[in-house]
Amino acid sequence: MDFIVYILLLLLGGCFGGLMAGLLGVGGGVILTPIQYYLLLAYGVEPNIAITVSFATSLAVIFVTMIRSSWNHYNNGMIVTDFLGYIMVLGFIGAITGAFVSVNVDVSLLQFLFGIMCFVTVVNMIFVKYPENDDSISSSVLAHCLLGLVGGLLCGLLGVGGGIIMIPILTLVLKYPTHKAIGTSSASIIATSLGGMLAYVALGWNVSNLPAFSLGYVNLVQFFFLTLTSTFVAGFAANFSKKVDGNKLKYLHILVVLYIGLKMVGIV
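Next up, the structure:
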């Protein structure tokens, strides 16, 4: 593959990842990981190395992108900070745990189970009415801690930020309004992606046959070009999301969760 085409595909992938991060409050790993995986295969990287490098590098990109996205959401008043610390601490721990588990288990089984969970989530998102104000937000510390832990585990295991499951739980279970669920999820993903990224750096430190310019499993070349566009787009998308009707964001998120579910079970 021509190196110019390689760079252009990474820049394009970063745009889509940033759009998902800013507009929907999800990390965009479902876009970033496949793009990197197939590009690495095209350059002759072994599949088992390519998938792990893709997971790790996606988390590094998500970490930087979500800092930019969260800053905009915070300035727009869309982040609920009351329980954010609990979510972030448990998310960080869960992501590290998930990354270490991922190298010792059959990830395909986890992907299938996660896909089934996505389908159940879609059904609930369609039929359950979302809250429209802050009055009904749950005050359960335990529920917020469990949310962070689950989101973190998924982050480490599957190389996604965790927002794909955080937002449905924030809205359906913890009764967050849509816009504030997106903003709070974005801030939470800073911690989950950081934990997962650091774990993958440590896990890959002494691994041979990694692509050139890799820090552990994080490939710095792909990280640079993906981040270049993802951070730029995420800032604009975060500001734009404030102006979009909550129901439209809800159905956009339903489509994303449905697509991820189909992909995880191998239908698409």
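The letter at position 51 of the sequence shown is residue 50 when you use numbering that gives the first Met the number 0, and the numbering goes up by one with no holes. For each residue, glycine too, the CB sits at the ideal point set by N, CA and C.
- Beta-bridge partners assigned by DSSP to Val-267: none are found.
- Runs of the alpha helix (DSSP H) spanning 4 or more residues and lying entirely within the region 187-250 occur at 219-240, in chain order.
- When DSSP states are grouped into helix, strand and coil, Val-25 belongs to the coil group.
- DSSP places Ile-66 in the uninterrupted alpha helix (DSSP H) bounded by 46-74.
- In the structure shown, the three-state DSSP call for Gly-161 is coil.
- Distance from the CA of Gly-162 to the CA of Asn-74, rounded to the nearest whole angstrom, comes to 20 Å.
- In this structure, the straight-line span from the alpha carbon of Gly-93 to that of Tyr-85 is close to 12 Å.
- Going by DSSP, Ile-86 is part of the alpha helix (DSSP H) stretching over 83-101.
- Cβ-Cβ separation between Leu-89 and Ile-136: approximately 18 Å, too far for a contact (criterion under 8 Å).
- Taking a cut-off of 8 Å for Cβ pairs, the region 189-200 and the region 53-71 touch, as three or more such pairs fall below it.
- Phe-235 and Val-79 have their C-alpha atoms spaced approximately 21 Å apart.
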